[in-house]
Amino acid sequence: MNTSPPPPSSTCLTMEEIHMQFGGVTALRNISYAIPRGIIQGVIGPNGAGKSTLFNCITGVLHPTMGRAVYEGVVLTGKPPHKIARLGLSRTFQHVALFSSMTVLENVMLGRHPKSKAGFWATGLRFPGMPGEEKDIRERALHFLNFVGLEREANHPAGSLPLGKQKILEVARALATEPKLLLLDEPAGGLNMRETENLGELIQEICGQGVTVMLVEHDMNLIMEISQRILVLHYGETLATGTPREIKDNPQVIEAYLGEG
Amino acid sequence: MLATDLLQYTVSGLTLGVIFALVAIGFNIIYNVTEIINFAQGEFVVVGGLLAVFFVGLGFPIPMAFGASVLVTAALGFGMERFVIRRARNASILSLIIITIAMSMIFKGSAMSLWGKDPYVLPPFSEGGPIMVAGAAIQPQALWVLAVSALVVIALSIFFHRSVYGKAMLACADNANAARMVGIPVRQMVLLSFVLSASVGAAAGVIITPISLMQYDRGAMLGLKGFAAAALGGLGNFYGALAAGAILGLAESFTAGYISSGYKDAVSLVLLLFALFFKPEGLFGSSEAAKLKKF
Amino acid sequence: MSKKDWWIFLVTAFLIGVFPLVVQPFRSVSHYVDVMVFAGIFALVCIGLSMLMGYAGQISIAQAAFFGIGAYSSGILTVHFHMNPWAAMPVGAALAGFVAWLLGIPALRLKGHYLAMATLGFGVIVNIIMNEEVKWTGGPSGLVGIPGLSIGGREIFHELAWYYLVWGFVFMGLLFCFHVLHSRVGRALRAIHEEEAAAEAMGVPTARYKVQVFVLSAIFASIAGSLYTHYMAFINPSSFNLEWSIQFLLMVMVGGMQSLWGAVLGAVLMTFMRNEWLHVFADQEIIVYGALLLIVALFVPKGLVSLLPRLLPSRIFKSSGTREDES
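Chains as they are written, first to last, in my numbering: chain F, 20 to 280; chain U, 56 to 350; chain E, 16 to 342.
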């Protein structure tokens, strides 16, 4: 464990000069930012601004060329994604990444992985305690399905759900790991207006339960409505930060978006 | 004595090495266009060698037998792509592996039905006894192997860098979708890659048969060692394949000479494992480019 | 295990149990018991391979090598060191597991073609060692004088006893794997197969699971190899070469690799083909195997078990709620 100075007690995640280079292309340039605990943090920016890259740098999929991410005093950078997940970070994917031939319930049950223990021997030989753990996994998974309202589809193959429900299922699967920080990568992509509205309510409800949410989204209405703070990326750099109102009136942001067309 | 042995092993190692390199180039041609590793690549070599034996038996002179063997093997490559690989266009990588393994079994079984289990030999391309260099006896056929391989490599370089078809194939390798959009018939390029790859394999088979004989079941080992050369040289990299082939050939020849002839086959395979485990991008590839490839 | 699997399990166990009673009275088919002993041994290898390939999605063309490690461990320990066969078997399994672990850590970072080639290369190396270490293995001419297995101080000679012993192992193996599959570990394996990145992001240590399931498949193959050794009383390297690794692939593909029942079905079917029905092709056998593999890969990628529900009464197969081993 690196000995970084204890974070201000209100900070959940700190990005310290994260720099990501692919060959000659700089995807992120010295991103420094701190996310306070318990809020919905919006991240916006035109296509190719580096939003997904930033997510991947935080969750351990990519290793930043320089800089690091610190979560609750623990340095994330350098850890593999599954260890980061165990620390209490969970995520959804921009392009739906469900286990499509597994059932809806099984998908959420997989999310219980960090919260359960039985290995090959324990499951294969049915050690005492293992069936109880399985039962617990199933019950907790059903609880999260209920929470997002997918309980009726529990036994359908995940791949057979319409896109809108697949996106919600990804949220349920991520919630099943009981994260303290939830990273949502364009959860409203492909959703219609009503679905987006419901998603917004769901996200607020999640945040209301004390989970910090980091939300990458293209849907400006959604992000302006539910985030407390917004980070704007542009060509891999921080263009602006602030409350939705400040961002809305920021001339640089307006130009970046208009400039894009 | 020591120097003589050294020279002898070096020559036989290089001869072997260029054969591995040719097999590796066969892998690379198909991989570059399709990202498929053709597990039947070694069988092209076997079939090429055995067909040459057959044509010589019919009374063909060596150059004609060479040409006929390459042509027939190319036709097999054509058939394999046209009637099998094309059907499996949307198959998973696992299925594609299984399919090319199945093709290798079919080629191998057919070779055994036609030629039996005996090894066959081909007369050397030119008359005359071994050439003595500093006490080491060098078979003239070894020189033929080097010369023909050099010709094949030069011809391929010209093809890929000068001809329209060659450039189109490289474009497919770069980005199949983009190639399709600019009007390159990707399917034809895939077909061509199998034909070319089979031809190169057959050529390797014909030139090596006078030295090391040819037998229906040599394909798996030739394929594996050829793949070792391809992987060590960086998959898709032609010049890397040449260098890596030479390294493997020398390693095998020196092992056979100085350590144990029984373990000579293991050397290339151990090097293959080391390459795959510790440097999957190959000795001459960049690790950054390798990340973008589908292994 | 789901209800459906329990039913299939009990029905299959019953069928396997009465099979000898049915065939033994008839002279022309009484040797089927012997064929089924081999089928059971191969089924054990295939169950492990199905876990690795069908569920976790990792290819291995090295199962014959692990089969051989088990066989030679048992052979060498009992012949050269006069060890009790029942003690040699777990030693072989531990060795196979250890080798799989050593190989798996670097190899399973590879995907697709590279993993296939790495396991293929490893298998060939193991076979070369079997041929070369003549002092221990007897080299190409094989290892002779291997003792049989005894239970309660009495050696088992009767093939019927062997039959029930081997199939007992198969059903224990099946039970173990079914329990694994219907648990968090099984879900993790299938998740790795389908979306490795998502599994990792949900906290599944994908690399570790891949190595573990590889080790499991090696242990299964090794135990099968030990049984094979003591049943045959003689082994040589040609039973553990590349051709056999491909045979195991073929069995699993034909039966259906995404189902443990498929693995068993494929092993039984292919063993009968090899021993009983393909003799007419003599040396052309390998073309038949190649063609079969090709046809299955192209047209029945989920194997014969995927066709079974259409043949059997639909109620049996469709009533169950979980889909855990259809995927």
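Idealized CB from N, CA, C, for every residue including glycine.
Please read all numbers here as calculations on a predicted model, not as lab measurements.
Under 8 Å by beta carbon: chain E residues contacting residue i
i	result
M135(U)	Within chain E, no residue comes near M135(U); the closest Cβ sits about 11 Å away, beyond 8 Å.
T72(F)	Those do not exist, as T72(F) stays about 14 Å from chain E at its closest Cβ, beyond 8 Å.
M269(U)	In chain order: nothing, as chain E lies at least about 18 Å away.
Under 9 Å by beta carbon: chain F residues contacting residue i
i	result
V200(E)	A137, G138, F139, A141, T142 and G143
L125(E)	Residues of chain F passing the Cβ test: none, with the nearest at roughly 17 Å.
G63(E)	Those do not exist, as G63(E) stays about 12 Å from chain F at its closest Cβ, beyond 9 Å.
Short Cβ contact (8 Å threshold) for residue i with residue j
i	j	result
A296(U)	I80(U)	yes
Q271(F)	L258(F)	yes
I225(F)	L250(F)	no
A122(E)	A109(E)	no
S124(U)	V261(U)	yes
L313(E)	I186(U)	no
L158(E)	P100(E)	no
A226(U)	I209(U)	no
E174(E)	S119(F)	no
G277(E)	L319(E)	yes
L67(E)	V228(E)	yes
V200(U)	V88(U)	no
T72(F)	L47(F)	yes
Proximal chain E residues relative to residue i, where beta-carbon distance stays under 9 Å
i	result
Y318(U)	I143, I144 and E147
K163(U)	I301, I302 and G305
R157(F)	None at all; the shortest Cβ gap to chain E is about 10 Å.
Closer than 7 Å at the beta carbon, the chain E residues around residue i
i	result
A116(F)	E210, A212 and A213
P133(F)	G218
Buried/exposed call for residue i, threshold 16 Cβ in 10 Å
i	result
R87(F)	buried
W21(E)	exposed
D173(U)	exposed
Y47(E)	buried
L206(U)	exposed
T221(E)	buried
R289(E)	buried
L169(U)	exposed
F350(U)	Unreliable placement is indicated for F350(U), whose pLDDT of 38 sits below 50; the coordinate value is still reported in the next sentence. Classification for F350(U): buried.
L322(E)	exposed
I23(E)	buried
Helix, strand or coil at residue i according to DSSP, with G and I counted as helix
i	result
D20(E)	helix
Q73(E)	coil
N49(F)	strand
D229(U)	helix
Y271(U)	coil
V251(F)	strand
A146(U)	coil
A236(E)	helix
E40(F)	Residue 40(F) is actually Gln in this sequence, not Glu. In the structure shown, Q40(F) sits in a strand (DSSP, three-state: E or B).
A318(U)	Checking the sequence shown, residue 318(U) turns out to be Tyr, not Ala. Of the three classes helix, strand and coil, the one that applies to Y318(U) here is coil, per DSSP.
D155(F)	helix
D204(F)	strand
M187(E)	helix
I310(E)	helix
T96(F)	coil
Residue-chain proximity (residue i, chain E), Cβ-Cβ < 8 Å
i	result
G130(F)	yes
R171(F)	no
F332(U)	yes
Residue i beta carbon near the ligand NAP (any heavy atom closer than 7 Å)
i	result
M288(E)	The ligand content of the structure shown is nil, which means the ligand NAP is not present either.
Cutoff 8 Å: residue i Cβ touching any chain U Cβ
i	result
P155(E)	no
P100(E)	no
H128(E)	yes
I261(E)	yes
P40(E)	no
Within chain U, partners of residue i - CB distance below 9 Å
i	result
F137(E)	L324 and L328
Proximity test, Cβ basis, 8 Å: residue i and chain F
i	result
R338(E)	Low per-residue confidence applies at R338(E): pLDDT is 41, beneath 50, and the placement is therefore not dependable, though the value from the model is reported in the following sentence. Judged by the 8 Å Cβ criterion, R338(E) is in contact with chain F.
G277(E)	no
A206(E)	yes
Contact list for residue i against chain F, beta-carbon separation under 7 Å
i	result
V195(E)	F139, T142 and G143
Amino acids of chain C, ordered along the chain, whose beta-carbon sits closer than 8 Å to that of residue i
i	result
A312(E)	Among the protein chains in the structure shown, which are F, U and E, there is no chain C.
Beta-carbon neighbours of residue i, restricted to chain U and to distances below 7 Å
i	result
P252(E)	The premise fails here: P252(E) is roughly 12 Å from chain U at the closest Cβ pair, so nothing lies under 7 Å.
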